[in-house]
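First up is the structure itself, then whatever we jot down about it.
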Amino acid sequence: MQLHAVAFAGFISVVLSQSHHHDIALAVDRTFDLIDFNPKDGNLQYQELSMGFDYIDTNDDGVLSFEEYINVTNSEPIQRDIFNHYDTNKDGVLQKTEYVDTPFRAMDHNGDNVVTRHDYDHFYTNMIHHILQQQHGHNGR
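Those letters in the sequence shown? Residues -17 to -1, 1 to 124, per mature numbering (1 follows the signal peptide of the UniProt record, and there is no 0), in order.
Right, here's the structure in full:
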């Protein structure tokens, strides 16, 4: 379980060091394989992502502080941008709704509580490209 939680929290830093779409897609795909563990069936259930959040929340207060987040990722400056991307209400911590629920619902197009590899890859590849554009000052114009 620990490996899977760390993989979920930390994959973006590895991916963001890549500059080519193909490299990003491969890294996201590898992360899916690490997270898909119970059952290992080629799909993600909500519980798989939720358990990762619970593992990262070391003080069991129901939110992830930036310190908890970087303890399982790394201290790269990009991590602040990633954390802020997830922190949609800008309160300085990540609720499960921000880090697990909202992304999961966005990926689960048909509402069956299962995310396919394709949906996961598409969602996170787009998210990473968005963060990279923000970092480089591109606003899509």
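All C-beta atoms in this analysis are idealised placements derived from N, C-alpha and C, irrespective of residue type, glycine included.
Applying the criterion that 16 or more other CB atoms from any shown protein chain within 10 Å of the CB defines a buried residue, is residue 116 buried or exposed?
Position 133 of the sequence shown, counted from the start, is the residue given in the question as residue 116. Exposed.
Is the beta carbon of residue 15 less than 8 Å from the beta carbon of residue 103?
Along the sequence shown, read from residue 1 onward, the residue named residue 15 stands at position 32. Along the sequence shown, read from residue 1 onward, the residue named residue 103 stands at position 120. Closer than 8 Å, so yes.
As a quick exercise: from 23, 90, 85, 76, pick the residue whose alpha carbon is nearest that of residue 50.
Along the sequence shown, one-based indexing puts residue 50 at 67. Checking every option, the nearest Cα to that of residue 50 belongs to 76.
Output the distance between the C-alpha atoms of residue 65 and residue 113, rounded to the nearest integer angstrom.
Within the sequence shown, numbered from 1, the residue matching residue 65 stands at position 82. Within the sequence shown, numbered from 1, the residue matching residue 113 stands at position 130. Roughly 10 Å between the two C-alpha positions.
Work out the CA separation of residue 36 and residue 100 for me, nearest whole Å.
Counting from one through the sequence shown, the residue named residue 100 turns up at place 117. Counting from one through the sequence shown, the residue named residue 36 turns up at place 53. One C-alpha to the other measures close to 20 Å.
Taking only three categories from DSSP, how would you classify residue 105?
By one-based count along the sequence shown, residue 105 stands at place 122. In this structure, DSSP gives residue 105 a helical state, which the three-state scheme calls helix.
By the three-class DSSP mapping on this structure, what secondary structure does residue 76 have?
Residue 76 sits at position 93 when you count from the first residue of the sequence shown. Reduced to three states, the DSSP call for residue 76 is coil.
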